[in-house]
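So for the sequence shown, this note's numbering puts the first residue at 181; every next one is plus one. Each residue gets a CB set at the ideal place from its N, CA and C atoms; glycine is no exception. Beneath this line is the structure, given in structure tokens, with notes to follow.
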Amino acid sequence: MKWNDHSRLAGSHAFLSASKYAWVNYDEDKLRATYLTAQAAAHGTRMHALAAEHIRLKLRMPRNNITFNKYVNDAIGFDMTPELVLFYSVNCFGTVDAIRFDEARGHLRIHDLKTGTTRSSMMQLLVYESLFCLEYGVRPGEIESELRIYQNDDILIHKPETDEVARVISRIRTFDKIIEEMKADA
């Protein structure tokens, strides 16, 4: 058999793929809704890449109440690093949208850009702060932090208490240990 050459598609996935076969049971409305959700996610990924590039190049956006513009301008103004991986273990790591730690002041700043309409939670940013503390050996009680979510032309700001971060750190350590024990038993 001479197989057709589809090497240009290697590593990519079709929306109607065999590995994600649930679509076989969709009705037309569910298909449309799922497709639009996937397109919105892809758009969000591109927006994050664009924002990161603007921040790295320090290209400010027009000053207005548009979420993207406020996020980019604030990240530039606070001299933040975009798209940084925070790592605790192979079981627990993540990429923060924008981060800055001012060692002299003991102040951590984390910003997150949300491009969708789904209600967001500060928990994601608390996990990022916890990962930062674990990776860099910083005790949450020894720093102050400000967490921001930029979404729907609004900014949600949270200044977490030490116990909020300590609780997430404890969960990360405990769950990572359990996963490692399960791997060893497998």
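Return the CA-CA distance between residue i and residue j, expressed in angstroms with no decimal places.
i                 : j                 : result
lysine 250        : threonine 217     : 24 Å
aspartate 292     : asparagine 271    : 22 Å
phenylalanine 195 : glutamate 208     : 14 Å
arginine 353      : leucine 266       : 15 Å
lysine 339        : serine 325        : 6 Å
phenylalanine 351 : aspartate 343     : The question names phenylalanine, yet the displayed sequence has arginine at residue 351. Their backbone Cα atoms lie some 12 Å apart in a straight line.
phenylalanine 273 : tryptophan 183    : 40 Å
glutamate 361     : tryptophan 203    : 36 Å
glycine 321       : phenylalanine 312 : 13 Å
serine 269        : aspartate 365     : 18 Å
lysine 357        : aspartate 277     : 27 Å
alanine 222       : tyrosine 215      : 11 Å
lysine 294        : leucine 327       : 13 Å
asparagine 332    : aspartate 185     : 44 Å
asparagine 253    : leucine 336       : 16 Å
glycine 224       : methionine 181    : 42 Å
serine 192        : leucine 211       : 20 Å
lysine 363        : asparagine 244    : 50 Å
Identify which residue in the options has its Cα closest to the Cα of residue i.
i             : options                           : result
glutamate 263 : Gly321, Ala284, Thr275 and Ala255 : Thr275
threonine 298 : Tyr316, Ile329 and Leu288         : Ile329
aspartate 282 : Ser301, Phe258, Ser300 and Met303 : Phe258
alanine 255   : Tyr268, Asn244 and His234         : His234
aspartate 334 : Tyr206, Ser199 and Ile246         : Ile246
glutamate 341 : Leu288, Ile358, Gln331 and Lys363 : Leu288
arginine 347  : Met303, Ala213 and Leu327         : Met303
Could you please give me the residues that DSSP links to residue i through a beta bridge?
i              : result
aspartate 254  : Per DSSP, none; premise fails for aspartate 254.
glutamate 341  : None; glutamate 341 has no bridge partner.
histidine 291  : Ala278 and Arg328
methionine 265 : The sequence as given places valine at residue 265; methionine does not occur at that position. According to DSSP, valine 265 bridges with Thr275.
aspartate 207  : None; aspartate 207 has no bridge partner.
isoleucine 349 : For isoleucine 349, which the question treats as bridged, DSSP gives no partner whatsoever.
leucine 336    : Ile329
Since residue i contacts residue j with CB under 8 Å, what's their CB separation in whole angstroms?
i              : j              : result
isoleucine 279 : threonine 261  : 6 Å
glycine 286    : isoleucine 323 : 5 Å
At a cut-off of 8 Å, is residue i close to the ligand MN when judged by its beta-carbon and the heavy atoms of the ligand?
i           : result
proline 320 : As for the ligand MN, it is missing from this structure, which has no ligand bound.
I'd like to know whether the C-beta of residue i is nearer than 9 Å to at least one C-beta of chain C.
i                 : result
phenylalanine 258 : This model lacks chain C altogether, as it is built from one protein chain only.
Determine contact between the stretch 300-320 and the stretch 229-247, defined as no fewer than three beta-carbon pairs at a distance below 8 Å. no
Taking contact to mean 3 or more Cβ pairs, one atom from each stretch, closer than 8 Å, check whether the stretch 221-234 and the stretch 316-325 are in contact. no
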